[in-house]
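Single-structure report; data block below.
There are 4 protein chains.
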Amino acid sequence: MSSAPVEGSGSAVPRGGGRDAITGAARTIFAERGYHGTSIRDIAKRAGLSLSALYYWHPSKQHLLAALVEEITHDYFQRCDRALREATDEPAERLAALVRTTVEYRVSRRVESNIATLEWRNLEPENRERLDGLRRAATRLWVDLIADGVARGAFHCAHPDDARRAIVAACNAIAQWYEPGGGITLPELAERYTAIALRIVDHRV
Amino acid sequence: MSSAPVEGSGSAVPRGGGRDAITGAARTIFAERGYHGTSIRDIAKRAGLSLSALYYWHPSKQHLLAALVEEITHDYFQRCDRALREATDEPAERLAALVRTTVEYRVSRRVESNIATLEWRNLEPENRERLDGLRRAATRLWVDLIADGVARGAFHCAHPDDARRAIVAACNAIAQWYEPGGGITLPELAERYTAIALRIVDHRV
Amino acid sequence: MSSAPVEGSGSAVPRGGGRDAITGAARTIFAERGYHGTSIRDIAKRAGLSLSALYYWHPSKQHLLAALVEEITHDYFQRCDRALREATDEPAERLAALVRTTVEYRVSRRVESNIATLEWRNLEPENRERLDGLRRAATRLWVDLIADGVARGAFHCAHPDDARRAIVAACNAIAQWYEPGGGITLPELAERYTAIALRIVDHRV
Amino acid sequence: MSSAPVEGSGSAVPRGGGRDAITGAARTIFAERGYHGTSIRDIAKRAGLSLSALYYWHPSKQHLLAALVEEITHDYFQRCDRALREATDEPAERLAALVRTTVEYRVSRRVESNIATLEWRNLEPENRERLDGLRRAATRLWVDLIADGVARGAFHCAHPDDARRAIVAACNAIAQWYEPGGGITLPELAERYTAIALRIVDHRV
DNA sequence: TATGAATGAGTGTTCATTCAT
DNA sequence: AATGAATGAACACTCATTCAT
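Chains as they are written, first to last, in this note's numbering: chain A, 2 to 206; chain B, 2 to 206; chain C, 2 to 206; chain D, 2 to 206.
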C-alpha cells in the first residue's frame, strides 16, 4: 500500500507518469463525489489513462482509497509532531502550534482533509484498523497537551475531552467552508482559531 | 414529499404501512453506508417490502433522500425556532437555548443528524437549492443571536463568524462520536457545550 | 374478446365510461409508440382511470391489442364487403369500389389502419390465427375481383398477385403519409388511387 | 457509428469479433420482434457475448438501432445513386434502374429493409433528424426522375407524387411478403415491378 | 508500462399483473 | 365499477475487475 506497482518494489517517491496521475485524479474525484459516488472509470478518464493501467498501480479501488487516506493521515500526523517538537514547553504555545498546524493543513490540503474525514468510513475494516493507530496517535497529541496544560494550571477546562473535541471539530470544519481567495490570509485564520482554542480550554495567564 | 404516494404532502410522522417502513429503513442504511453505498434493494429488504413497493411510495432513490433530508432539516429548524421564542431576550440565555437544542438534536436524532450533514452533497441540485433556504434560515438564527450579543456588550468575540462556525461545528460533531449509554446524561452534555460556546463568544457578565 | 367486461356479459355496444376510454386511449398510444413501446400505465393515465380499472375490462395488455385489431380488421372487411355488394358486376367498377373503400378507410381511420398493419406481428399466435381468417377473406376479395377482371378481358396484367400486392400496398401506405387538412379532398384522393389501380391491372375499355 | 468502440467510423462491413456479432444479432432480432420487443439480453445471447461486452461496443440500445438504420439507409441510397449514374438519360430506363435496385434491395437485404422501414419511428429525435437528410435524398431521386419523365413526355401521370408513393410502397412491401426460395427469381421479380411502375407513371413509347 | 476486450454481479427503475376492498 | 397497495420478473445500463497481449 505504498508507492510501487502492485507486485513490484521501487523508488519510494515516484515521479511523474502513471501512479501520480492516478492518485491525483482519485484525490479530486473522491473529494468531489465520495468513494461510492466515484467509479474507477471516472478516475482513469481524469488521469488520462486506460482502465487497466489503473490496475497496474493499484490492485483495487479500495487500495487506492487506503493509499490516499494513509498518505494524508501520515502527513498530517508528521506535521503535528514536528510542530510540537519545534515548540517550547509552554502549554499555550504548544496548543497554538497544534491549532496552527491543523488550520494550515485544512486550508492548504483542503481536498485531502475532506477525504480523510469523510471517506474514513468507507475503508474496509482491515485498512481502517491499520490506520487507526495513526489516528489515535494524533488524538493523543491533543489529549496529552491539554492534560498537561490543565495539570500545570495554564488551562482550566473542567472537561478536557469535550474541549479537545470542540477544538478539533472547529479546525476540521474549516476544510468544509473555506474557499481559496476568500480574503482571509492563512496566518490570520490560524491566529483566530488559536484564540478560539485558548478560550475553549479557558487559558489564563 | 411526505405521506402520499409519489406526490402530495401530509403529516410528517405517519404510522403504519409501507411508507414508514421505507423511510425508516432508508434512514438507518443511508446513515450506515451513505447514499451511494446503499442500494435500493438493501432498503427494501430492511423495510420488509418488495423492491417495487418502494417505487410505489417514492419515485426514485434521490427522492427518498430528499424527503429524508427535508424532514430532518425542517424539524431541526423548527426546534431551534421554538427554543428561541421560548427564551428571554438575554443573549447568553438565547445562545444557551440554541446550543442546548442543537446538542439535544445531535444526540436524540443522531442518525438523522449525520444524514443531513453527510448526504447533503448527494442531493441533486434541484433538491439542494430547494432546501438551501431552510439551511440558511438556521444559520441566520446563530448569526443574529451572536451579532446581538456583541452589540449589547454581552459577547466580546472579534470574529463572530468564526465563533459561530466553531460552535456549530463542535455541536454537530457530537453526532459523530456520541454513543448512547456512554455515561453522560444529555442535560449534562448540553451544559458542557453551552459553557464551551459561551467561552468561544467570550461571554462576560 | 369483444365488448363485455372480462367475466361478465352485457350490452354489446357499451356506451361511455370505462371500456371506451380505455380502448380510445390504447388506440392512440399504440399507434404513437407501438405495442411494446406502450405501457399499460400510459394507457390508464391517458384514459383517466386507475391501473386496476383497466384490468376490469381487459384481462391483459395482449387482449387489449387483440380486441383493437379485431374491431379494425372486422370493420374494414365489412366495409369492403358492403361496397362490393353495392357495386355492379363490371370489373373496373368493382375494383374502383374496393380501392375507394380502402383509401377512405386509410384516411378516415388512419390511426387504426396503422395499428392493424404494424402491430399485427405483436399478436400472440393464438390471436393471430383467429384473426387470420378475416385477413385472408379480405385478401380474397381482391384476388377474386382481379381474377374475374382478367378472365373477362377487362384487365390485362400478366401477374395478378403482384398487381394486387402493389395496389394494396399503395393504398395502405396512405395511412402513413396522409395528414388531415393537407389540401386534397378524400374523393379526389380516392379517384387518383383508383386510376393508379386501373393502370396497374392494365385496364382497357 | 461503425467499427470502433463507442465512437469512430470505419469500414461498414468488418469481419470477425465482437462488434459484428452484435450488429448481426441485433439485425436479426430487431427485425423479428421490433426494437421495443427486443431486449439487450436477447441480442447479447444471440451474439454469444456477455451483456457487458455489448456495451463495450455500443453505448446504448438506441445507438445500436441508429447504427443499424444508418448503415442500411446509407447503403440503399448509394446503390440507387450508382444505378442511376450507370443508367442512360432515358426516363423509362432510369425508372427501371431505380425500381430494379429497390426490388433487389428489398429481397437481398430483406431483414434490413424491414428494420429501416418499421423501426424508423423508434429512433430518438436526434438520430432521426440526422438520418432524415439521407432519406430525403433518396426520395428526391424518385421525384426528379419522374418529373423529368413527365417533362419530356415519356410519362403521363397527372399526379407524380401519388405515382411515386405508389411505386415506392409497392416495392417496399416486397420485403414483407417475399420468402426466399419461393419460386420467383430476383430478375423476374424486378422485371414485373418495373412493368408495374411504368404502368403507374403511364409510360408510352 | 500499458492497453483492448471481455465478464458476472449488481445498479436504479419499469413492467404487466394481482388482490383485498 | 373501480381503487390502492403490492409483487416478481424483467429492463437498460454500470460496476469493479481480469487477462491475453
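Glycine residues also receive a C-beta, built at the ideal position from the N, C-alpha and C atoms.
Inside the segment 97-183 of chain B, DSSP marks no whole beta strand (DSSP E) run of 3 or more residues. The three-state secondary structure of residue 50/A, taken from DSSP, is coil. Inclusion of residue 70/C and residue 116/C in the CB contact set at 8 Å is warranted, their separation being smaller than that value. The alpha helix (DSSP H) runs of length 4 or more contained entirely in the segment 32-88 of chain C are, from start to end of the chain, 41-48, 52-58, 62-87. Near chain A, meaning a CB-to-CB distance below 9 Å, the residues of the segment 99-130 of chain B are 119, 122, 123. Counting along the chain, no alpha helix (DSSP H) covers residue 185/A, and no H or E run does either. About 4 Å separates the Cβ atoms of residue 73/B and residue 113/B, confirming a contact at the 8 Å cut-off. For residue 67/D, none of the residues of chain C pass the 9 Å Cβ criterion, the least Cβ distance being about 16 Å. In this structure, the straight-line span from the alpha carbon of residue 166/B to that of residue 145/B is close to 13 Å.
Residue contact check for residue 38/C against chain D: a CB pair falls below 8 Å. In the structure shown, residue 205/A adopts coil according to DSSP, grouped into three states.
Cβ-Cβ distances below 6 Å link residue 150/D to 92, 156 in the same chain, with the five nearest sequence neighbours on each side left out; the list follows chain order. The segment 128-137 of chain D makes no contact with the segment 90-104 of chain D, as fewer than three CB pairs between them are under 8 Å. Sequence-distant partners of residue 199/A (beyond 5 residues in either direction) whose C-beta falls short of 7 Å from its own C-beta, in its chain, are 93, 96. The straight-line gap separating the alpha-carbon atoms of residue 62/A and residue 41/A is approximately 7 Å. Residue 102/D and residue 172/D have their C-alpha atoms spaced approximately 10 Å apart. Taking the Cβ atoms as the reference, residue 27/C lies roughly 5 Å from residue 65/C, within the contact range of under 8 Å. The contact set of residue 203/A on chain B, defined by CB atoms closer than 7 Å, consists of 200 in chain order.
Taking C-beta atoms as the reference points, residue 120/C and residue 35/C count as a pair closer than 8 Å. For residue 167/A, the chain B residues whose C-beta falls within less than 7 Å of its own C-beta are 171, 197, listed in chain order. The beta carbons of residue 142/D and residue 81/D sit closer together than 8 Å.
For the 8 Å CB-CB criterion, residue 100/B and residue 194/B form a contact. The straight-line gap separating the alpha-carbon atoms of residue 204/D and residue 30/D is approximately 41 Å.
In this model, residue 186/D and residue 176/C are separated by some 31 Å (Cα to Cα).
Shown here for residue 138/D: same chain residues with a beta carbon closer than 8 Å to its own, the five before and five after excluded, namely 78 in chain order.
Taking every protein chain shown into account, the CB of residue 190/D has 16 or more other CB atoms within 10 angstroms, so this residue is buried. Contact with chain A is found for residue 160/B, since one of that chain's Cβ atoms lies less than 8 Å from the residue's Cβ. Against residue 174/D, the close residues of chain C are 166, 170, in the order they occur along the chain (beta-carbon pairs closer than 7 Å). Exclusion of the five residues before and after residue 106/B leaves 77, 80, 114 as the residues of its chain whose Cβ lies within less than 7 Å of its Cβ. Residue 48/D places its beta carbon less than 8 Å from that of residue 25/D.
If the five residues before and after residue 147/D are omitted, its C-beta is found closer than 7 Å to the C-beta atoms of 156, 161, 164, 165, 202, all from its own chain and listed in chain order. Interface annotation, residue 183/B: not in contact with chain A, CB-CB separation never under 8 Å. Within the segment 33-61 of chain B, contact with chain A at the beta-carbon level (separation under 7 Å) is assigned to 35, 37, 38.
Residue contact check for residue 163/A against chain B: a CB pair falls below 8 Å. Straight-line measurement puts the Cα of residue 60/D at about 22 Å from the Cα of residue 54/A. At least one CB atom of chain D sits nearer than 8 Å to the CB of residue 178/C.
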